[in-house]
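Asker:
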Amino acid sequence: MDKLVIEGGKPLSGTIVIQGAKNAALPILAASLLVEGTVTIDHVPRLLDIKVMLDILRDIGCRADHTDQTVELDTSSACSSHVPEALMRQMRSSIFLIGPLLARFGEATIYQPGGCAIGERKIDLHLQGLKALGAHIKEEGSRIVCVADRLVGTEVHLDFPSVGATENIMMAAVLADGLTTISNAAREPEIQDLQRFLNAMGANIIGAGTDTITIEGTKKLSPCRYKIIPDRIVAGTMMVAAAATRGKVTLQNTNPAHLTSLIHVLRRTGVQITVDGDIIKVGSSSRPKAIDRIVTSPYPAFPTDLQSQLMVLLALASGVSVMKETIFEGRFKHVDELSRMGADIRVDFNSAVIRGVPRLYGATVEATDLRAGAALVIAGLAAQGKTIVEQVHHIDRGYDRIEEMLDGLGARIWRDVPVPDKSSHVM
Ligand code: UD1
Numbered sequence: 124m125d126k127l128v129i130e131g132g133k134p135l136s137g138t139i140v141i142q143g144a145k146n147a148a149l150p151i152l153a154a155s156l157l158v159e160g161t162v163t164i165d166h167v168p169r170l171l172d173i174k175v176m177l178d179i180l181r182d183i184g185c186r187a188d189h190t191d192q193t194v195e196l197d198t199s200s201a202c203s204s205h206v207p208e209a210l211m212r213q214m215r216s217s218i219f220l221i222g223p224l225l226a227r228f229g230e231a232t233i234y235q236p237g238g239c240a241i242g243e244r245k246i247d248l249h250l251q252g253l254k255a256l257g258a259h260i261k262e263e264g265s266r267i268v269c270v271a272d273r274l275v276g277t278e279v280h281l282d283f284p285s286v287g288a289t290e291n292i293m294m295a296a297v298l299a300d301g302l303t304t305i306s307n308a309a310r311e312p313e314i315q316d317l318q319r320f321l322n323a324m325g326a327n328i329i330g331a332g333t334d335t336i337t338i339e340g341t342k343k344l345s346p347c348r349y350k351i352i353p354d355r356i357v358a359g360t361m362m363v364a365a366a367a368t369r370g371k372v373t374l375q376n377t378n379p380a381h382l383t384s385l386i387h388v389l390r391r392t393g394v395q396i397t398v399d400g401d402i403i404k405v406g407s408s409s410r411p412k413a414i415d416r417i418v419t420s421p422y423p424a425f426p427t428d429l430q431s432q433l434m435v436l437l438a439l440a441s442g443v444s445v446m447k448e449t450i451f452e453g454r455f456k457h458v459d460e461l462s463r464m465g466a467d468i469r470v471d472f473n474s475a476v477i478r479g480v481p482r483l484y485g486a487t488v489e490a491t492d493l494r495a496g497a498a499l500v501i502a503g504l505a506a507q508g509k510t511i512v513e514q515v516h517h518i519d520r521g522y523d524r525i526e527e528m529l530d531g532l533g534a535r536i537w538r539d540v541p542v543p544d545k546s547s548h549v550m
């Protein structure tokens, strides 16, 4: 297993170009199955999760090439509606295949998806939405078989504004007969990106970005070329890293409107932020101030995907902060690791009380999930001494070579790749 080695204590400085959004690219790649032909998607980051999605699409019969930041996907030879269990288990986003497969083939066989261990992560809202559109669903252990002679537009109300369920239902409804309305829909920017992509192929969808999305079914889509939005979570991670190391960083290719809640919170801690078009400048030279209360909630509120990273900054703040996590119940696993680095954090159910300390100290820590891993990297950059972050494969799921991004900003960070043990081959 790869490790990241970080010699901390150096302020980040310089300019970084932000990668395309993983959480926009994954549903968009799955949605490409709705059309027969070659779609070209630009600004697709080179990540483990993207590789798994492309492996699934190839297994289904598509031809997929990912060169540099562009994916060319020919879906005309797709011939299977079955996603193998081993691939399903590799990431949560494999669930995005169910809506497009059902719409294209009238059937889909999938398995319970895997993914980051940050909570229960049910898929009942996805399945309820598909059932409302006319799918018959049989769950046999971890196998889920969906069949629909035809999908028919309907009204779907989500009990919770799930991002993935909103996207799956949108994808299934695009080729359905008639009008579908999703109420209490999630409002994340990645859902707006999916709407733009589907409309570029000839779909008729309005409302993404609000809590009501309307999809008028269409008979056939046409292939298109499309560019993915910037990754707001990677941008946010770099902004917090700049602040935690008391550095000065310029981020290019961002959409500041997608980062409003983080910008607001960072300014409250005393970090200086300026915004100019798609450029964000972050600078900090003094100890951050604590924030009495931050609550993670669906967009546009503070995102759960930046909770662990912000916690590192607050762990170094003057004063006591409180963070409440309302989206995933298992998302404080980084707290134990941060404590090993000298942080003073107490967790009570879904709230963390963070008593700022003047400094963190390097330690060997383990990335337990994607964003927890990113938080530990930030902690290592800000800490005194050497930090080793283990289980880096979690971080590779969402950050395109994080050590290269940070090296470009002057950090002392490198990847330690274990040399394969050849002793077993010695005769
Ligand atoms: C997406 C993001 C993830 C982010 C999350 C919340 C992608 C690929 N991933 O994940 O990075 O952390 O949004 O912003 O876009 N739930 C149910 N039943 C369902 C679906 C969800 O109970 O059928 C619950 C989940 O267990 C969780 C909450 O709803 O507690 C939010 O989940 P959801 O919005 O669906 O997140 P994802 O789409 O999995």
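Quick note: the sequence shown, position 387, residue 510 per the working numbering, numbers continuous.
C-beta atoms are modelled at their ideal positions from N, C-alpha and C, and glycine is treated no differently.
Would you say I260 touches the ligand FMN, meaning its beta carbon is less than 7 Å from a heavy atom?
Answerer: What this structure holds is the ligand UD1, not the ligand FMN.
Asker: Could you give the uninterrupted runs of the beta strand (DSSP E) lying entirely in the region 389-451, keeping only those of 3 residues or more?
Answerer: Segments of the beta strand (DSSP E) lying fully in the region 389-451: 395-399, 402-406, 417-419, 443-448.
Asker: Quick check: the Cα distance between P541 and A502, rounded to an integer number of angstroms?
Answerer: The straight-line gap from Cα to Cα measures roughly 23 Å.
Asker: Look at V500 and I525 and say whether their C-beta atoms are less than 8 Å apart.
Answerer: Yes, the pair counts as a contact, with Cβ atoms nearer than the cut-off.
Asker: Within 10 angstroms of the Cβ of M124, are there 16 or more other Cβ atoms? Answer buried if so, exposed if not.
Answerer: Flag for M124 reads exposed.
Asker: At 3 residues or longer, and completely inside the region 462-498: list those beta strand (DSSP E) runs for me, N to C.
Answerer: Taking only runs of at least 3 residues, the beta strand (DSSP E) segments lying wholly in the region 462-498 are 467-471, 474-478, 487-489.
Asker: What do you reckon, is the C-beta of K456 under 7 Å from a heavy atom of the ligand UD1?
Answerer: For the ligand UD1, not one heavy atom lies less than 7 Å from the Cβ of K456.
Asker: How is S136 classed by DSSP in three states: helix, strand or coil?
Answerer: The answer is strand: DSSP assigns S136 an E or B state.
Asker: What are the boundary residues of the alpha helix (DSSP H) that D519 is part of?
Answerer: It spans 516-519 - the alpha helix (DSSP H) in which D519 sits, taken as one unbroken run.
Asker: Could you tell me which residues DSSP puts in a beta bridge with T341?
Answerer: Per DSSP, none; premise fails for T341.
Asker: Assuming D551 is part of the beta strand (DSSP E), what are its boundary residues?
Answerer: Outside the shown range of the chain (124 to 550) lies residue 551, about which nothing can therefore be said.
Asker: Run the CB neighbour count on E460, radius 10 Å, all protein chains shown included, and call it buried at 16 or more, exposed below.
Answerer: Buried.
Asker: So is the beta-carbon of A309 under 7 Å away from any non-hydrogen atom of the ligand UD1?
Answerer: For the ligand UD1, at least one heavy atom lies less than 7 Å from the Cβ of A309.
Asker: Could you pull out every residue in the same chain whose Cβ sits closer than 6 Å to the Cβ of E130, ignoring the five residues on either side in sequence?
Answerer: Same-chain partners within the cutoff: K509, R535.
Asker: Three-state secondary structure (DSSP) at D282?
Answerer: Three-state DSSP puts D282 in coil, outside helix and strand.
Asker: Distance check for V443 and G465, CA to CA, integer angstroms please.
Answerer: About 15 Å.
Asker: State whether the region 279-292 contacts the region 242-258, with contact taken as three or more CB pairs (one from each stretch) at a distance under 8 Å.
Answerer: Yes, since at least three Cβ pairs between the region 279-292 and the region 242-258 fall closer than 8 Å, the two stretches touch.
Asker: Within the region 213-256, note down every full alpha helix (DSSP H) run reaching 4 residues or more, in order along the chain.
Answerer: Counting whole runs of 4 or more residues, the region 213-256 contains the alpha helix (DSSP H) stretches 221-228, 247-255.
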